[in-house]
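One structure is given below, encoded as structure tokens.
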Amino acid sequence: MTDRPEPHAEPHAEPHPLPDHVRRIVDEMENDMGEDAIAPPPASGTTGRIEAAVREILVEIGEDPDREGLVNTPERLHRMYYELTAGYHVNPERLINHAIFEVGYSEMVVVKDIPFYSLCEHHLLPFFGHAHVAYVPDGKVIGLSKIPRIVEMYARRLQVQERMTQQIAELLMDRLAPRGVGVVLEATHLCAAMRGVRKPGTVMTTAAVLGLFRRNEKTRAEFFAHIGRPGPTG
Ligand SMILES: [Zn+2]
């Protein structure tokens, strides 16, 4: 309908045209338009395969997929999974587009307490918490609203927390060429909390430090002081 370029191919090619409600989420992440675009209309042009698979799961666990409360669940799940994984379809170039500025500023930039919600790829259950992102510019800064969008782009995928942490750090390192980047994610994993593998409420912390943040202990300490956390031990 527009002259939109091909969606970013990584990490897999588009299986179908995106349903409208997912296209809107992707557009919103890329264009930073605000939260009002998320009310999803019915997914269009779907194959029904997710619905059929969810029905089978319901039968397998001993449920009746035709009872009143479950009858629309396969379709809801279909739409929900598309929404929660809309980050696959976001093109980082479009997200960052026009938001990198040349400046002389060379002090640490810190954006902390960015809320995020993701899905663990091992159980398809949520993990959620906060991201803290910092970098030391080397002539270029990125618009502050873009950093939460980058976090969201990687959160709206099937993830493991360690990889998500690294992906955020590497994207900033790659596009901004700063002197260094630090990213800390703190999250509760429902697959652990609900299944009693760990104590409920256990928060897992992951960190990725690149460039100056890796080499320079003072930079790293400044970052962890900014976000009010003890640094990694050792
Ligand atoms: Zn899990």
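The sequence shown lines up with residues 53 to 286 when you count with this note's numbering.
Glycine included, every Cβ here is placed at the ideal spot set by N, Cα and C.
Within the same chain, Cβ atoms closer than 6 Å to the Cβ of VAL78 are found at ALA138, HIS141 and VAL142, the five residues on either side in sequence being excluded.
Within its own chain, the residues whose Cβ lies closer than 6 Å to the Cβ of LEU264, once the five positions on either side in sequence are excluded, are VAL188, ARG231, GLY232 and THR271, listed in chain order. For LEU147, the distance from the CB to the nearest heavy atom of ligand 1 is not below 7 Å.
By the neighbour-count definition (other C-beta atoms within 10 Å, threshold 16), MET132 is an exposed residue.
Judged by DSSP in its simplified three-state form, LEU228 adopts helix.
Restricting attention to PRO282, ASP190 and ARG119, the CA atom closest to the CA of GLY156 is found in ASP190. A Cβ-Cβ separation of about 5 Å places LEU237 in contact with THR217 under the 8 Å criterion. In the same chain as CYS243, and ignoring 5 residues on each side of it, the C-beta atoms closer than 8 Å to its own belong to CYS172, HIS174, HIS175, LEU177, PHE179 and VAL249, in chain order. Note on geometry: alpha-carbon atoms of HIS68 and HIS130 lie some 14 Å from one another. Applying a distance threshold of 5 Å between residue Cβ atoms and the heavy atoms of ligand 1 selects CYS172, HIS174, HIS175 and CYS243, given in chain order.
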